[in-house]
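Those letters in the sequence shown? Residues 125 to 308, by our numbering. Heads up, the beta-carbon is just placed ideally off N, CA and C, and yes, glycines get one too.
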Amino acid sequence: MKNSSSRRDGRNNISTAKKLSFSAISCALGVILLFLGAVIETVDISMAALASFLIVVCMIEMGGYFPFLVYLATATLSFLMLPNKTVVLIYGMFFGFYPILKKYLERLPFVMGWVAKIAVFNVVIALYYVFLREVLFPDIDGIKIYLFLLLNVIFITLDITQTLFVTAYVRRFRKMLGLHRFFK
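Here's what the structure looks like:
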């Protein structure tokens, strides 16, 4: 007869196995989305944003370090496999880790949280621009202020959309997909 501690360990192993398999599926879906962004270059930013929603689902369902592992694995595999690295850079430098960071920034007071989010986004944009200018396109002109403002508006829209997605996922889609029972 098994004691209660080994039974608990058995459940924990099953739960870990489920989390690893869900992480692998999420990673594969993320790579597929980024592949679509690499092949159809006009939707590269959209595919990187969609891949970031997989990180959100991993955060809701598994928590812990699993979403970060999915982000790292998706970015690494995409970098190694995809012919066009632009979408990988977009995902790796911002969209992949932002849902994880967003969780912590939203714990701050409302205004301070938004200031921190926008500051992080602008630092990433600046780093991306420096990378493009120094490594890929040395002849590139400076970033235009209207483009910079447009990117900030798009970022704010993305942030609000992610919040709405979390609400819709938790209230409707999670039960519909049956994932709330998967990890029990």
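- Judged by pairs of C-beta atoms under 8 Å, the region 179-198 touches the region 143-151, as three or more such pairs exist.
- Setting aside the 5 residues that flank it on each side, V167 is surrounded in the same chain by L160, G161, each with a C-beta closer than 8 Å to its C-beta; the list follows chain order.
- Each residue's CA atom was taken as its position, placing L158 and A175 some 7 Å apart.
- Residue state for N246 is assigned as helix, using DSSP reduced to three classes.
- Shown here for A173: same chain residues with a beta carbon closer than 7 Å to its own, the five before and five after excluded, namely F219, L282 in chain order.
- Three or more beta-carbon pairs separated by less than 8 Å are not found between the region 200-216 and the region 237-244, which leaves the two stretches without contact.
- Uninterrupted alpha helix (DSSP H) stretches at least 4 residues long and entirely within the region 200-230 occur at 210-214, 222-229, given in chain order.
- In this structure, the alpha-carbon of V277 lies about 12 Å from that of N246.
- With respect to the 9 Å criterion, V211 and I156 are not classified as neighbours on the basis of their beta carbons.
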